[in-house]
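Student:
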Amino acid sequence: MTTISLSSPKNIVNTASDANDDLIIAGKKFQSRLLTGTGKYPSIAVMQDSINASGCQIVTVAVRRVQTNAPGHEGLAEAIAWSKIWMLPNTAGCQTAEEAIRVARLGREMAKLLGQEDNNFVKLEVIPDSKYLLPDPIGTLEAAEQLVKEGFAVLPYINADPLLAKRLEEVGCVTVMPLGSPIGSGQGIRNAANIGIIIEEAKVPVVVDAGIGTPSEAAQAMEMGADAVLINSAIALAHNPVAMAQAMGMAAIAGRLAYQSGRMPIKAYASASSPLTGIIK
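In the working numbering, the protein residues as written are 38 to 318.
1. Report the three-state DSSP secondary structure of residue 126 (helix, strand or coil).
2. Check each candidate in 116, 157, 193, 138 and name the one with the smallest Cα separation from residue 183.
3. According to DSSP, simplified to helix, strand and coil, what is residue 215?
4. Enumerate in chain order the residues of its own chain whose CB-to-CB distance from residue 295 is below 6 Å, with the five nearest sequence positions on each side excluded.
5. CA-CA distance, residue 187 and residue 76?
6. For the 8 Å Cβ check, are there 3 or more pairs between the stretch 161-178 and the stretch 112-131?
7. Is it the case that the stretch 167-174 contacts the stretch 213-233, given that we only count it when at least three CB pairs across the two stretches are under 8 Å?
8. Kindly list the residues whose CB is nearer than 7 Å to the CB of residue 274, restricted to its own chain and excluding five residues on each side of it in sequence; keep chain order.
9. Within its chain, find whatever has a CB closer than 6 Å to the CB of residue 158; leave out the 5 residues flanking it on each side and keep chain order.
10. What residue does the alpha helix (DSSP H) around residue 295 start on, and which one ends it?
11. Using the Cβ count rule (16 or more neighbours within 10 Å means buried), how would you classify residue 300?
12. Sorted by chain position, which residues of the same chain lie with C-beta nearer than 8 Å to residue 280's C-beta, five sequence neighbours on each side aside?
13. Taking only the alpha-carbon atoms, compute the straight-line gap between residue 134 and residue 206 and give it to the nearest angstrom.
14. Going by beta-carbon coordinates alone, are residue 243 and residue 208 separated by less than 9 Å?
15. Around the Cβ of residue 194, are there at least 16 other Cβ atoms within 10 angstroms (buried) or fewer (exposed)?
16. For residue 71 versus residue 285, is the C-beta distance shorter than 9 Å?
17. If we count the other Cβ atoms within 10 Å of its Cβ and call it buried at 16 or more, is residue 199 buried or exposed?
18. Helix, strand or coil, according to DSSP, for residue 177 in the structure here?
19. Are the beta-carbon atoms of residue 269 and residue 221 separated by less than 9 Å?
20. Less than 9 Å between the C-beta atoms of residue 271 and residue 245, yes or no?
21. Among the candidates 57, 100, 63, 181, whose CA atom is the shortest distance from the CA of residue 241?
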């Protein structure tokens, strides 16, 4: 396995109970369980500082927007230290399976050109809906089946549908990435029950993607047992993106530790914190 090593968020020590508690995707080890994006930042410099502050080790890049030098993406590919950060090319902007397959191939070539010769990762997005930006389950499954055949490590972005998640796992996807709520909405975890089922049934990492707006929501996803969270808008659109990036990195660590620790039972009645024995009367 290849290990990607990078420090935790600034001034934060990862004190997970298991020192080897790595996130493993397609045989690669990552210490951070926060994935971030590159869009919507006020500047390239702010994006760079935010990525560093977050402690993340996987950064998703919109292949189409980089190739067309879309606003905010000029020079983006060269702005990140790909020797330290693992690139996750994504098929954002693709409305059909055919488009997504073509863009995934371009993304793999882009990763190779930037020095990641063995990078076959792709975040698969097939989104024909321009209003709510909800992924197409049929197109996603079709594209995933073909990309797996071509040797890609496919990370599919999906609605929180447990049956679709299981089907994608069965065709060979290396993660499933259910949305917490619509992309960029900041509504938080609106699909907790279904995400819980996906987490319970999945034998691949579950990454909660889209809709997280605050560190508490990131921690909530991790406390539920998600293996990681992917956050872009909540960081990039914050008044202070760099500080928010650090907060999200801390939240991912806290949520993971909480999940591993096991919360106390919920009771229908009060229970005194102090023992009742030895009370002076």
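Every residue, glycine too, gets a C-beta built ideally from N, C-alpha and C.
These numbers were taken from a predicted model, which means no experiment stands behind them.
Tutor: To lay it out plainly:
1. Along the sequence shown, one-based indexing puts residue 126 at 89. DSSP places residue 126 in strand when its eight states are reduced to three.
2. Sequence index remark: in the sequence shown, residue 183 carries index 146 (1-based). Of the candidates 116, 157, 193, 138, the one whose C-alpha sits nearest the C-alpha of residue 183 is 138.
3. As a position in the sequence shown, residue 215 is number 178, starting the count at 1. Residue 215: strand per DSSP, three-state reduction.
4. Taking the first residue of the sequence shown as 1, we reach residue 295 at position 258. Answer for residue 295: 260, listed in chain order.
5. Here the question's residue 187 lines up with position 150 in the sequence shown. Here the question's residue 76 lines up with position 39 in the sequence shown. Those two C-alpha atoms are separated by around 28 Å.
6. yes
7. Touching, yes, given that three or more Cβ pairs across the two stretches are closer than 8 Å.
8. Here residue 274 is taken as the residue at index 237 of the sequence shown, counted from 1. Answer for residue 274: 77, listed in chain order.
9. For the purposes of this step, residue 158 is taken as the residue at position 121 of the sequence shown. Shown here for residue 158: same chain residues with a beta carbon closer than 6 Å to its own, the five before and five after excluded, namely 125, 190 in chain order.
10. Within the sequence shown, numbered from 1, the residue matching residue 295 stands at position 258. 278-298 is the span of the alpha helix (DSSP H), which, as asked, contains residue 295.
11. By 1-based counting over the sequence shown, the position of residue 300 is 263. That one is exposed.
12. Position 243 of the sequence shown holds residue 280. Here the set comprises 90.
13. Position 97 of the sequence shown, counted from the start, is the residue given in the question as residue 134. Position 169 of the sequence shown, counted from the start, is the residue given in the question as residue 206. So the alpha carbons of these two residues sit roughly 18 Å apart.
14. Counting from one through the sequence shown, the residue named residue 243 turns up at place 206. Counting from one through the sequence shown, the residue named residue 208 turns up at place 171. Cβ atoms of residue 243 and residue 208: not closer than 9 Å.
15. Locating residue 194 in the sequence shown gives position 157, where the first residue counts as 1. Its Cβ being crowded by 16 or more others within 10 Å, residue 194 is buried.
16. As a first step, residue 71 must be located in the sequence shown, where it is residue number 34. As a first step, residue 285 must be located in the sequence shown, where it is residue number 248. Yes; because the gap between Cβ atoms is below 9 Å, this pair is in contact.
17. Residue mapping note: residue 199 aligns to position 162 of the sequence shown, counting from 1. The residue is buried, with at least 16 neighbouring Cβ atoms inside 10 Å.
18. Locating residue 177 in the sequence shown gives position 140, counting from the first residue. The answer is helix: DSSP assigns residue 177 an H, G or I state.
19. Residue 269 sits at position 232 when you count from the first residue of the sequence shown. Residue 221 sits at position 184 when you count from the first residue of the sequence shown. Contact flag set, yes.
20. Taking the first residue of the sequence shown as position 1, residue 271 is located at position 234. Taking the first residue of the sequence shown as position 1, residue 245 is located at position 208. Cβ distance not < 9 Å, so residue 271 and residue 245 don't count as in contact.
21. Stepping through the sequence shown from its first residue, residue 241 is reached at position 204. Of 57, 100, 63, 181, the residue nearest in Cα terms is 63.
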